[in-house]
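Quick note on this note's numbering: the sequence shown kicks off at 140 and runs consecutively.
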Amino acid sequence: MTAKVALVTGATQGLGLALVDGLARRLGPEDTVYLTGRSADRVKQAVADLGHANVRGEVLDVATDAPARLAETLRERHGGVDIVFNNAVMRVGPDDDPREIIDEYAEVNNLGTTRVLRAFAPLLRDGGRLIVVASSFGSLRHLAPSLHKRFDGLTSLDEVDAQVEAWKNAIKDGSARAGAWPGFVNIPSKIAQVAAVRALASQRREQDAERDILLAASCPGMINTPTSGLWWDVSDAPSPDEAALSLLSLALDPIDPAHYGQLVRKGEVLPWK
């Protein structure tokens with residue numbers, strides 16, 4: 140049997156670290172779980188802190204062309220991948236000015252997502268899973284109806300990237316504030332992430348069904364982290380380890396065909412609109 144290969148982006152802390160830990164514990168000693176992040180020092184420290192022999196660190200900045208380069212490395216090293224969690228995220232606080240942070244924010248959270256999808260979807264082996272960590276904000280119901288057409292029915296990642304660029308530019312030139320866009324940048328960003336999954340799924344659905352591959356977005360729910368605590372009272376929210384459980388089930392349990400191309404929270408599909 141071929142050894143399995145898993146990869147988690149944004150994995151040096153929080154949910155990403157919990158996903159690596161969970162995968163390492165559930166997969167076998169012959170398998171490899173890649174813990175990735177932008178900082179070589181933080182990647183090295185996170186791998187050491189976990190202490191799993193089957194965890195390997197790699198530097199990966201999704202805001203660059205690094206996903207494509209790492210994908211080619213893993214193709215040469217392993218021939219393919221079995222599980223990919225796209226979890227890399229730039230976090231924002233209530234005091235951040237959207238106009239000042241939107242370039243980096245969109246580069247990591249959205250264009251980074253489509254880079255990962257482009258790079259690693261072609262590497263998925265039979266039975267593989269590619270899961271984008273999103274949130275319940277990734278439903279069109281959180282967006283003004285006049286904006287739904289921007290993200291609904293997109294059929295390519297290029298189309299998604301174009302809409303992200305248009306939204307980003309509207310924030311920078313001030314027209315977003317005067318229009319229907321929500322002030323909380325996380326909402327359009329998460330919708331665009333789910334739209335990217337849906338667009339790629341529309342291209343791959345038939346072949347992925349034949350090969351038992353799952354492509355989905357997943358909502359881990361509210362998590363007790365310092366960043367979430369800036370926005371909400373998360374004192375009673377699950378820890379990253381607890382929140383990771385439903386995502387690990389999506390990656391390791393038998394596939395539910397109803398989940399393909401959808402936003403899934405704790406095994407249930409959240410409506411797109």
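Here a beta-carbon is modelled for each residue, glycine too, at the ideal position from N, C-alpha and C.
Check your understanding: Under the rule that 16 or more other beta-carbon atoms within 10 Å means buried, what is A348, buried or exposed?
Key -> What you label residue 348 is simply residue 209 of the sequence shown in a count that begins at 1. Counting Cβ neighbours within 10 Å, A348 comes out exposed, since fewer than 16 surround it.
So within the region 252-338, which uninterrupted beta strand (DSSP E) runs reach at least 3 residues, ignoring any that extend past its ends?
263-272
(message) I'd like to confirm the pairing. Which residues does DSSP put opposite N225 in its beta bridges?
(response) The count along the sequence shown starts at 1 and reaches residue 225 at position 86. In DSSP, N225 forms a bridge with V271.
Check: With a cut-off of 8 Å, do at least 3 Cβ pairs link the region 325-343 to the region 400-409?
Finding: yes
Requested in this report: Please look up how many angstroms separate the CB atoms of M229 and E243, rounded, as I've assumed it's under 8 Å.
Outcome: Taking the first residue of the sequence shown as position 1, residue 229 is located at position 90. Taking the first residue of the sequence shown as position 1, residue 243 is located at position 104. Confirmed, about 6 Å.
Reference V272; option with closest CA among I241, V223 and A202:
For the purposes of this step, residue 272 is taken as the residue at position 133 of the sequence shown. Of I241, V223 and A202, the residue nearest in Cα terms is V223.
Problem set entry | L199 in three-state terms, based on DSSP | Your numbering for residue 199 matches position 60 in the sequence shown. Looking at L199 - three-state DSSP - the assignment turns out to be coil, as it is neither helix nor strand.
- Assign S341 to one of three DSSP states: helix, strand, or coil. As a working note, residue 341 is residue 202 in the sequence shown. Here S341 sits in helix by DSSP.
For G176, the residue or residues it bridges with in DSSP: If you number the sequence shown from 1, residue 176 lands on position 37. According to DSSP, G176 bridges with V198.
Reduced DSSP secondary structure (H/G/I, E/B, other) of S374 | Locating residue 374 in the sequence shown gives position 235, where the first residue counts as 1. Three-state DSSP puts S374 in coil, outside helix and strand.
By Cβ distance below 6 Å, which residues in the same chain neighbour V303 in space, the five residues on each side in sequence not counted?
Residue 303 sits at position 164 when you count from the first residue of the sequence shown. Answer for V303: A245, N249 and A331, listed in chain order.
### Query
What are the partner residues of L353, as DSSP defines its beta bridges?
Counting from 1 along the sequence shown, the entry for residue 353 is found at position 214. Answer is R268, bridged to L353.
Practice item. Report yes if the C-beta of L269 is less than 7 Å from at least one heavy atom of the ligand MG; otherwise report no. Key: With respect to the ligand MG, the structure shown offers nothing to examine, as it has no ligands at all.
On the three-state DSSP scale, how would you describe R404?
Locating residue 404 in the sequence shown gives position 265, where the first residue counts as 1. In the structure shown, R404 sits in a strand (DSSP, three-state: E or B).
Margin query: Tell me the rounded alpha-carbon separation between A283 and W320.
Written below: By one-based count along the sequence shown, residue 283 stands at place 144. By one-based count along the sequence shown, residue 320 stands at place 181. So the alpha carbons of these two residues sit roughly 7 Å apart.
With 16 other Cβ atoms within 10 Å as the buried cut-off, status of A397 = The residue labelled residue 397 in the question sits at position 258 within the sequence shown. Classification for A397: exposed.
message = Check this for me: beta carbons of G153 and P379, under 8 Å apart or not?
response = Residue 153 sits at position 14 when you count from the first residue of the sequence shown. Residue 379 sits at position 240 when you count from the first residue of the sequence shown. Yes, the pair counts as a contact, with Cβ atoms nearer than the cut-off.
task: Return the chain-ordered list of same chain residues with a C-beta closer than 6 Å to the C-beta of L387, the five sequence neighbours on each side being excluded.
output: Working through the sequence shown from its first residue, we reach residue 387 at position 248. Here the set comprises G161.
Around the C-beta of S374, are 16 or more other C-beta atoms found within 10 angstroms, so that it is buried, or is it exposed? The count along the sequence shown starts at 1 and reaches residue 374 at position 235. Label assigned to S374: exposed.
Subject >> CA nearest to the CA of E298, picked from G313, L166, R268 and Q342 >> reply: By one-based count along the sequence shown, residue 298 stands at place 159. When only C-alpha atoms are compared, the closest one is Q342.
Would the region 198-210 count as touching the region 248-268 if we require 3 or more Cβ pairs under 8 Å? yes
- Item | Between the CA atoms of H281 and N226 - distance to the nearest angstrom | Here residue 226 is taken as the residue at index 87 of the sequence shown, counted from 1. Here residue 281 is taken as the residue at index 142 of the sequence shown, counted from 1. Near 21 Å, if we compare the C-alpha coordinates of H281 and N226.
*Might you give, ordered along the chain, the residues of its own chain that have their beta carbon closer than 8 Å to the beta carbon of A163, omitting 5 neighbours on each side?*
The residue labelled residue 163 in the question sits at position 24 within the sequence shown. Cβ within range, chain order: V172, L189, H191, N193 and V194.
By DSSP, does T212 sit in helix, in strand, or in coil? Counting from 1 along the sequence shown, the entry for residue 212 is found at position 73. T212 falls in the helix class under three-state DSSP.
**Item:** Three-state class that DSSP yields for A185 in the structure shown
**Value:** Start at 1 with the first residue of the sequence shown, and residue 185 comes out as number 46. Residue state, collapsed to three classes: helix.
- Beta carbon of K329, beta carbon of G292: below 8 Å? Counting from one through the sequence shown, the residue named residue 329 turns up at place 190. Counting from one through the sequence shown, the residue named residue 292 turns up at place 153. Not in contact: K329 and G292 (Cβ atoms no closer than 8 Å).
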